[in-house]
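Numbering (the working numbering), first residue to last: 1326 to 1604. We put the beta carbon where it would ideally sit given N, CA and C, even for glycine.
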Amino acid sequence: MDLNYIIRTKKFKTKKSLGQNFLVDSNVIDFIAKSTSSFDEILEIGPGIGFVTEKLLEKTKKVVAVEIDKEAIKELKKNLSSYDNLCLIEQDILKTNICSLPFEKEKIKVIANIPYYITSPILAHLLGEIDEETNPNRNKIEEIILMVQLEVAKRICADKNSKNKEYGQLSILCQMFCDCEIIKIVPKNCFSPVPKVDSALVRFRVNEKPKVKITRLLKRTVSAIFNQRRKNIKNSLQNAGFLGVVEALEKIDIPKTLRGENLSIEDIQKLSAALEEYN
Ligand code: SAM
């Protein structure tokens, strides 16, 4: 914990409604800055009053920072006026077209410590939907370093062998398009005000292509098997209105009694492809 950061946070009136828990641990801030190279162009989502931003500006070619809070923008302008490689944009990231931001390079990196209640919408905004072969925002991004609740980080990186129902729709969406890895666990006392739960930094390396071929019924299949995760796959799919479920499962040799959470992304894709014949 860095006293200087804590004092500056206390002087600023943080807004709970915007999830303003600022990172005040210089080791974690340095760790984030070190994860980028000096040639990168970076989009920082939710810079707050600029503790991470300042470190990024010292290291990289250009930072475009999108912040929704007018008061935070004022503070950023005051504190970071000496940097000519910063572009501040007062805007809601969920309404921002990433391709329209003033970057020169074809691909950018994204760094985001965002309010946890918008983790899923932000991921959907940056990566697109499960069944989108290409997406303009995703195409623009090479890598994302995202701070999320530890429990959500585990869900993002989970696979069919993970415990505690961690594997689900969020794991499929993220791993469909990216290699995902927890790169640092960040205890709650690294933030001010201190939140209720611990966090983790997740690195998403965005792949050129989706992990599996996208089929017409992929999205519907994924939501059917995970929305009713206590049921076996046969019942979940039939309850969701799919026809030819038994035939499709037999065709690809998947036992009817398994649950969705026992299937890999590849298995789910095969299942959705087999279902196409009957739906
Ligand atoms: N990056 C800073 C840090 O690490 O200390 C601040 C992180 S704080 C958890 C989240 C920041 O995101 C706040 O400054 C908040 O105002 C901003 N924010 C919240 N919703 C946003 C949105 N929809 N678009 C852009 N920024 C948003």
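Check your understanding: Cβ of N1346 within 7 angstroms of Cβ of P1512?
Key -> Translated into the one-based positions of the sequence shown, residue 1346 becomes position 21. Translated into the one-based positions of the sequence shown, residue 1512 becomes position 187. No.
Point to revise | Residue range of the beta strand (DSSP E) that includes C1412 | key: What you label residue 1412 is simply residue 87 of the sequence shown in a count that begins at 1. L1411 to E1415 is the span of the beta strand (DSSP E), which, as asked, contains C1412.
Exercise for review: Flag Q1345 as yes when its Cβ comes closer than 6 angstroms to any non-hydrogen atom of the ligand SAM, and as no otherwise.
Suggested key: For the purposes of this step, residue 1345 is taken as the residue at position 20 of the sequence shown. Yes.
Review point. With burial defined as no fewer than 16 other Cβ atoms inside 10 Å of the residue's Cβ, what is the status of S1363: buried or exposed?
Key: Your numbering for residue 1363 matches position 38 in the sequence shown. In summary, S1363 is exposed, with fewer than 16 beta-carbon neighbours lying within 10 Å of its beta-carbon over all protein chains present.
**Study point:** Close-in-space but distant-in-sequence residues of the same chain around I1382 (CB under 8 angstroms, 5 per side omitted)
**Key:** Locating residue 1382 in the sequence shown gives position 57, counting from the first residue. What sits at residue 1382 in the sequence shown is Leu, not Ile. For L1382, where only same-chain residues beyond five positions count, the Cβ hits under 8 angstroms are V1388, L1405, Y1408, N1410 and L1411.
**Study point:** Spatially closest choice to L1498 from K1488, K1534, A1449 and E1476, by CA coordinates
**Key:** By one-based count along the sequence shown, residue 1498 stands at place 173. Checked all of K1488, K1534, A1449 and E1476; the closest Cα to L1498 is A1449.
**Study point:** Runs of beta strand (DSSP E) wholly within the region 1388-1444 (minimum 3 residues, chain order)
**Key:** For the region 1388-1444, whole beta strand (DSSP E) runs of length 3 or above, ordered along the chain, are 1411-1415 and 1433-1438.
Review point. Do C1515 and C1482 have their C-beta atoms closer together than 7 angstroms?
Key: Start at 1 with the first residue of the sequence shown, and residue 1515 comes out as number 190. Start at 1 with the first residue of the sequence shown, and residue 1482 comes out as number 157. At least 7 angstroms separates the beta-carbon of C1515 from that of C1482.
Review point. Less than 6 angstroms between the CB of D1417 and some heavy atom of the ligand SAM, yes or no?
Key: For this step, residue 1417 is matched to residue 92 along the sequence shown. Yes, the beta carbon of D1417 sits closer than 6 angstroms to at least one heavy atom of the ligand SAM.
Practice item. Go to E1575, then tell me how far its alpha helix (DSSP H) extends in each direction, as first and last residue. Key: Position 250 of the sequence shown, counting from 1, holds the residue named residue 1575. First-last of the alpha helix (DSSP H) with E1575: V1570 to K1576.
Point to revise | Distance CB(K1384)-CB(I1354) smaller than 7 angstroms | key: As a first step, residue 1384 must be located in the sequence shown, where it is residue number 59. As a first step, residue 1354 must be located in the sequence shown, where it is residue number 29. No.
Check your understanding: Are there 16 or more other CB atoms within 10 angstroms of the CB of V1571, so buried, or fewer, so exposed?
Key -> Counting from one through the sequence shown, the residue named residue 1571 turns up at place 246. By the 10 Å Cβ count, V1571 comes out exposed.
Exercise for review: For K1485, collect the residues of the same chain with a Cβ closer than 7 angstroms to its Cβ; drop the 5 residues on either side in sequence, then sort them by chain order.
Suggested key: Position 160 of the sequence shown, counted from the first residue, corresponds to residue 1485. So the list reads Y1492, E1586, N1587, L1588 and S1589, once near-sequence residues are dropped.
Practice item. With DSSP as the reference, label L1368 as helix, strand or coil. Key: Within the sequence shown, residue 1368 is the residue found at index 43, counting from 1. Three-state DSSP puts L1368 in a strand.
Review point. Would a C-beta distance cut-off of 7 angstroms place V1537 and Q1594 closer than the cut-off?
Key: Translated into the one-based positions of the sequence shown, residue 1537 becomes position 212. Translated into the one-based positions of the sequence shown, residue 1594 becomes position 269. Yes, Cβ-Cβ distance for V1537 and Q1594 is below 7 angstroms.
Check your understanding: Comparing alpha-carbon positions, which option in L1471, S1487 and L1583 lies nearest Q1553?
Key -> Taking the first residue of the sequence shown as position 1, residue 1553 is located at position 228. A check of alpha carbon separations from Q1553 across L1471, S1487 and L1583 identifies L1583 as the nearest.
Check your understanding: Does DSSP put D1350 in a helix, in a strand, or in coil?
Key -> Taking the first residue of the sequence shown as 1, we reach residue 1350 at position 25. Here D1350 sits in coil by DSSP.
Review point. Based on Cα-Cα distance, which residue from E1602, K1556 and E1369 lies nearest to L1451?
Key: The sequence position of residue 1451 within the sequence shown is 126, counting from 1. When each option's Cα is compared against that of L1451, the closest is E1369.
Review point. Would I1508 be called buried (16 or more neighbouring beta carbons within 10 Å of its own) or exposed?
Key: If you number the sequence shown from 1, residue 1508 lands on position 183. The residue is exposed, with fewer than 16 neighbouring Cβ atoms inside 10 Å.
Check your understanding: Under the three-state reduction of DSSP, which class applies to D1355: helix, strand or coil?
Key -> Translated into positions along the sequence shown, residue 1355 becomes position 30. If DSSP states are grouped into helix, strand and coil, D1355 belongs with the helices.
Point to revise | Extent of the continuous beta strand (DSSP E) to which I1470 belongs | key: Position 145 of the sequence shown holds residue 1470. Residues I1466 to Q1474.
**Study point:** alpha helix (DSSP H) segment containing D1592, residue limits
**Key:** By one-based count along the sequence shown, residue 1592 stands at place 267. That run of the alpha helix (DSSP H) goes I1590 to L1600.
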